[in-house]
Amino acid sequence: MERLGGFKAVADQLGITRNAVQRWTYDAPRGHNNRVPQKHWATLVEKSGGKVALSELMTDEVAQIVAVATAKPKRRKAA
Numbered sequence: 002m003e004r005l006g007g008f009k010a011v012a013d014q015l016g017i018t019r020n021a022v023q024r025w026t027y028d029a030p031r032g033h034n035n036r037v038p039q040k041h042w043a044t045l046v047e048k049s050g051g052k053v054a055l056s057e058l059m060t061d062e063v064a065q066i067v068a069v070a071t072a073k074p075k076r077r078k079a080a
């Protein structure tokens with residue numbers, strides 16, 4: 002959040018309350034275990050001006066799925 006200007010700046014960019022952004026840092030079930038909800042990823046990456054990468058917002062499990070899904074297929078050697 003600091004790289005994006007803090008809770009209030011992020012809230013203003015997303016059109017939500019500062020309290021909603023702070024809740025992301027709370028443990029479940031009240032919060033999001035320090036994770037940004039997926040519906041905000043694209044906006045935050047776009048508005049960060051390169052300060053935040055999409056991979057930083059993903060859980061390790063999601064990043065792994067994306068890596069596999071977007072990997073280039075291996076070429077087979079001609080026999």
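One rule links them: number in this note's numbering = place in the sequence shown (from 1) + 1. Quick reminder that beta carbons are idealized off the backbone N, C-alpha and C, glycines included.
Would residue i and residue j be called neighbours here (beta carbons separated by less than 8 Å)?
i: N35; j: W42; result: no
i: V53; j: M59; result: no
Give me, in chain order, the residues of the same chain whose beta-carbon lies closer than 8 Å to that of residue i; leave out the 5 immediate sequence neighbours on both sides.
i: A21; result: A12
i: S49; result: R4, L5
i: D28; result: N34
Please list, in chain order, all residues of the same chain as residue i whose beta carbon is under 6 Å from its beta carbon, the five residues on each side excluded.
i: Q23; result: F8
i: H33; result: W25
Should residue i go down as buried or exposed, given a rule of 16 or more other Cβ atoms within 10 Å for buried?
i: V1; result: The structure shown has nothing for residue 1, since the chain only spans 2 to 80.
Could you name the residues of the same chain whose beta carbon sits closer than 7 Å to that of residue i, not counting the 5 residues immediately before and after it, in chain order?
i: S56; result: A64
What residue from the options has the CA that sits closest to residue i's CA?
i: Q14; options: T44, K73, K75; result: T44
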